[in-house]
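Q: Residue 215 is where the sequence shown ends in the UniProt record's numbering, and the numbering goes up by one at each step.
We treat Cβ as the ideally placed atom computed from N, Cα and C, and that holds for glycine.
Attaching a single structure in structure tokens format; questions to follow.
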Amino acid sequence: MQQGQMAYDRAITVFSPDGRLFQVEYAREAVKKGSTALGIKFKDGVLLLSEKKARSRLVEKNSLEKIQLVDDNVATVTSGLVADARVLIDFARVGAQQEKVTYGSLTNIENLVKKVADQMQQYTQFGGVRPYGVSIIFAGTDTIGPRLFDCDPAGTINEYKSVAIGAGKDAVTDYIEKEYKDDMSLEDTIKLGVAALKSALADASSMKEPEIASI
């Protein structure tokens with residue numbers, strides 16, 4: 001570690017002279033070590049996929065679920081620190097229920113993502129806390145149609161036709177950019193997603209059955 005960097009990497013509220021927040025960058029590195037996950041829009045909805053990584057063969061498979069339902073019309077998949085993901089998903093569920101009670105309608109996905117992003121962004125500004133070491137893909141349908149967003153440790157959000165997070169992000173993104181087509185069927189989208197996940201592995205035959213859900 002460079003001596004100049006050491007003066008800034010311990011405090012999330014202090015910019016380095018070249019405009020960097022090192023703790024946020026470290027949180028993004030935690031995401032890069034996580035399981036590869038992706039979302040893909042298709043004609044009638046959004047598909048979520050995630051590889052399953054067990055630390056031990058003694059771990060129960062049903063405890064490795066990466067895709068989580070937030071509300072009837074919203075689901076998420078995450079990569080990074082599992083505990084951080086759990087806290088943020090619980091936060092999103094509370095926000096979704098508050099909106100449903102207040103307005104009596106389907107959750108507006110973009111508004112929900114912004115609430116979670118605001119929570120994540122706050123943890124890059126104040127002392128005594130650290131950034132969340134997780135990226136979250138939000139997928140679902142609302143009055144606009146199929147929606148697909150991601151939110152990174154800095155609280156940055158973007159909407160996509162397809163997006164990947166985790167260790168294999170770059171390889172998966174390159175593959176989908178070449179093969180993606182608008183208005184794909186669910187069956188074709190599943191084939192594309194599985195092939196994209198395999199493209200991120202050195203040995204595609206070693207991939208376990210991925211977790212898949214559509215919404």
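Applying the 10 Å Cβ sphere with the 16-neighbour rule, what's the burial state of Val87?
A: The residue in question, Val87, is exposed, as its Cβ has fewer than 16 Cβ neighbours within 10 Å.
Q: So, helix, strand or coil for Glu110, using DSSP?
A: In this structure, Glu110 counts as helix in the three-state DSSP scheme.
Q: Going by other Cβ atoms of all chains shown within 10 Å of its Cβ, with 16 needed for buried, is Asn73 buried or exposed?
A: That one is buried.
Q: Over what stretch of residues does the alpha helix (DSSP H) that includes Ile28 continue unbroken?
A: For clarity, residue 28 is Arg in the given sequence; the question names Ile instead. It spans 22-32 - the alpha helix (DSSP H) in which Arg28 sits, taken as one unbroken run.
Q: Candidates Ala171, Gly127, Ala83, Val59: which alpha carbon is nearest Ala37's?
A: If we check each option's Cα against that of Ala37, Ala171 comes out closest.
Q: Going by alpha carbons, who is nearest to Lys33 out of Lys61, Ser79, Arg57?
A: That would be Ser79, whose Cα lies nearest to the Cα of Lys33.
Q: For Lys161 and Lys43, I'd like the C-alpha separation in whole angstroms.
A: Each residue's alpha carbon lies about 11 angstroms from the other.
Q: Output needed for Leu201: all residues of its chain with C-beta closer than 6 angstroms, excluding positions within five of it in sequence on either side, in chain order.
A: Around Leu201: Met207.
Q: CA-CA distance, Ser16 and Lys61?
A: Their backbone Cα atoms lie some 43 angstroms apart in a straight line.
Q: Measure from the alpha carbon of Ala213 to the alpha carbon of each residue in Leu21, Thr189, Glu29, Ala96, then state which is nearest.
A: That would be Thr189, whose Cα lies nearest to the Cα of Ala213.
Q: Can you have a look at Ile144 and say buried or exposed, based on whether 16 or more other CB atoms are within 10 angstroms of its CB?
A: It is exposed - the Cβ of Ile144 has fewer than 16 other Cβ atoms within 10 Å.
Q: Could you name each continuous alpha helix (DSSP H) segment of 4 residues or more that falls completely within the region 49-131, going from the start of the chain to the end?
A: If we require 4 residues or more, the alpha helix (DSSP H) runs fully inside the region 49-131 come out as 82-103, 109-122.
Q: Considering Lys169, what are the terminal residues of the alpha helix (DSSP H) in which it resides?
A: It spans 169-179 - the alpha helix (DSSP H) in which Lys169 sits, taken as one unbroken run.
Q: Looking only at its chain, what residues have a beta carbon closer than 7 angstroms to the beta carbon of Ala27, apart from the 5 residues adjacent to it on each side?
A: Within the same chain, Ala27 has close Cβ partners Pro131, Tyr132, Gly133, Pro153.
Q: Please report the straight-line C-alpha distance between Thr173 and Ala196, rounded to a whole angstrom.
A: Cα to Cα, the separation comes out at about 8 angstroms.
Q: What would DSSP say about Ala202, mapped onto helix, strand or coil?
A: Of the three classes helix, strand and coil, the one that applies to Ala202 here is coil, per DSSP.
Q: Spatial neighbours of Met1 within its chain, please: C-beta separation below 6 angstroms, excluding the five flanking residues on both sides.
A: The pLDDT assigned to Met1 is 49, lower than 50, so where the model puts this residue is not dependable; a value taken from the coordinates is nonetheless given after this. Hits under 6 angstroms: none found.
Q: Please name the residue, chosen from Asn108, Glu25, Gly128, that lies closest to Val70 on a Cα-to-Cα basis.
A: It is Asn108 whose Cα lies nearest to the Cα of Val70.
Q: Beta carbon of Phe42: closer than 7 angstroms to some heavy atom of the ligand SAH?
A: No copy of the ligand SAH appears in this structure; indeed no ligand is present at all.
Q: Note the first and the last residue of the continuous beta strand (DSSP E) segment covering Ala37.
A: It spans 37-42 - the beta strand (DSSP E) in which Ala37 sits, taken as one unbroken run.
Q: Quick check on Val14: does DSSP put it in helix, strand or coil?
A: Coil.
Q: Mind checking which residues open and close the beta strand (DSSP E) that includes Pro146?
A: 145-151 is the span of the beta strand (DSSP E), which, as asked, contains Pro146.
Q: Can you grab the Cα-Cα spacing for the pair Gln125 / Thr13, in whole Å?
A: Using only the alpha carbons, I get a separation of about 5 angstroms.
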